[in-house]
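This note's numbering numbers the first residue of the sequence shown as 2 and each following residue consecutively.
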Amino acid sequence: MANYIIIGGDGKEYGPVTTNDVRQWLAEGRLNAQSLVKAESDAEFRPLEKFPEFADAFAAHTPGIITPLKASADFLERDYELDLVGCITNGWELVKNNMNRLFVATLFYLLIEMAIGGLSNIPFVGTIFSIGNFVIAGPLMGGLFYLFIRVNRKEPAQVGDMFAGFRRSFGQLFLGTFVQGLLVLACLIPFLIILLVKLFPILPQISQFSHLQPGATPDKETVNALVSALLTGLPVGLLCAIPATYLGVCWKFTLPLIIDQQMDFWTAMKTSWKMVNKHWWQIFGLVILISLLNVAGLCACCVGLLFTIPIGIAALMIAYETIFGVQKN
């Protein structure tokens, strides 16, 4: 069986890989017709579509329609067991060994979000940037996930792959983020209604708090009404947080499934839901560990977040690969 060398998007050579590996990667969307490949015995690289031995693989592959549905059905037959600490430690190793790509890409992501956030505060035009951030949030995050997935699989990858979400399932990534957010927000409606009913009558008085002179005392009646609203809303808010947290964990792998497996957003949400529910507490535990890691980074003068955020993403994508990746016998 022939072996092949592949040129990645970063211009580096990868391989040798077997014919079966090439077919598998093609079916999963990791290679395409224009990927530069050569057999070990060849002198020059050629587009993959020029290799007659893979012609049937191109004909059989129907991206975005049949493959995702079949993949979804295959996933649902699996079971898994997560090593939570292993996900974190392996995530650290992945980032440490690929700082030039994963750390840099995460830094770019944070700078983009900070820049858009700052521009959103500009009067009038800020609204445009806020809407723009709302639209690109899913594709940008999905692209970052995609880079981490490819690096973890030792596939050709470069920092520019963090923008893959803008050319690969842009609409589905946007819908995946939008629909998730909408449904999670719906869980908080009772809490928001209580706050609105309690606070609306005293909004004018509350707005005057910022204009109080030094040493002046706020109106006692307004303060009591504000405290009452918070005490009433807090228990309801905590109750509403339970289903919101549950849904957020269930849909944790929606964006990776969309960009990696080319699923539509609803299939990805259902697949993530069903697979996470097999071991919901394990995924929740991983989310808690990642959150604690980021809190530690925040405590380190916020600079620590530059390291804990990519480690957290890497840990999550390692869990994704355990659950949804190619299983080897």
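Glycine residues also receive a C-beta, built at the ideal position from the N, C-alpha and C atoms.
For residue i, does the three-state DSSP call read helix, strand or coil?
| i | result |
| --- | --- |
| LEU32 | coil |
| PRO64 | Note on PRO64: pLDDT 41, under 50, position unreliable in the model; the coordinate value appears next. In this structure, PRO64 counts as coil in the three-state DSSP scheme. |
| ARG151 | helix |
| ARG47 | strand |
| MET264 | coil |
| ASN99 | coil |
| LEU189 | coil |
| GLY87 | helix |
| ALA1 | The first residue shown for the chain is 2 and the last is 330, placing residue 1 beyond what the model contains. |
| GLU94 | helix |
| VAL296 | helix |
| PHE254 | coil |
| GLY143 | helix |
| GLY234 | helix |
| GLY326 | coil |
| PRO311 | helix |
| PHE161 | In the sequence as displayed, the identity of residue 161 is Gly instead of Phe. Helix, per DSSP. |
| ASP80 | coil |
| VAL304 | coil |
| GLU54 | helix |
| ARG24 | helix |
| SER229 | helix |
| SER273 | helix |
Measure how close the beta-carbons of residue i and residue j come, nearest whole angstrom, since I'm counting them as under 8 Å.
| i | j | result |
| --- | --- | --- |
| PRO48 | ALA34 | 6 Å |
| TYR5 | ALA40 | 6 Å |
| LEU317 | ILE291 | 7 Å |
| MET163 | PHE109 | 7 Å |
| GLY133 | ILE195 | With a Cβ gap of about 33 Å, GLY133 and ILE195 do not count as contacting. |
| ALA158 | ARG102 | 7 Å |
| PHE325 | LEU258 | 7 Å |
| GLY182 | PHE266 | About 12 Å; that fails the 8 Å criterion. |
| ALA116 | LEU148 | About 20 Å; that fails the 8 Å criterion. |
What are the partner residues of residue i, as DSSP defines its beta bridges?
| i | result |
| --- | --- |
| GLU14 | ILE8 |
| LEU37 | PRO48 |
| THR178 | The partner list for THR178 (beta bridge, DSSP) is empty, contrary to what the question assumes. |
| THR19 | ASN4 |
Could you check if residue i belongs to the surroundings of the ligand NAP, using beta carbon to heavy atom distance under 7 Å?
| i | result |
| --- | --- |
| GLY177 | The ligand NAP is not part of this structure, which contains no ligands at all. |
With three or more C-beta pairs closer than 8 Å as the rule, is the segment 190-199 touching the segment 138-151? At 8 Å Cβ cutoff, the stretches do not touch.
Indicate whether the contact test is met: 3 or more Cβ pairs, each with one atom in the segment 245-252 and one in the segment 272-287, closer than 8 Å. yes
Any 3 or more C-beta pairs closer than 8 Å across the segment 146-165 and the segment 90-105: Yes, they touch.
Taking contact to mean 3 or more Cβ pairs, one atom from each stretch, closer than 8 Å, check whether the segment 229-244 and the segment 257-264 are in contact. no
Report yes or no: do three or more beta-carbon pairs, one from the segment 305-312 and one from the segment 275-287, lie closer than 8 Å? no
At which residue ranges does the segment 105-133 contain complete beta strand (DSSP E) runs of 3 or more residues, listed in the order of the chain? Counting whole runs of 3 or more residues, the segment 105-133 contains no beta strand (DSSP E) stretch at all.
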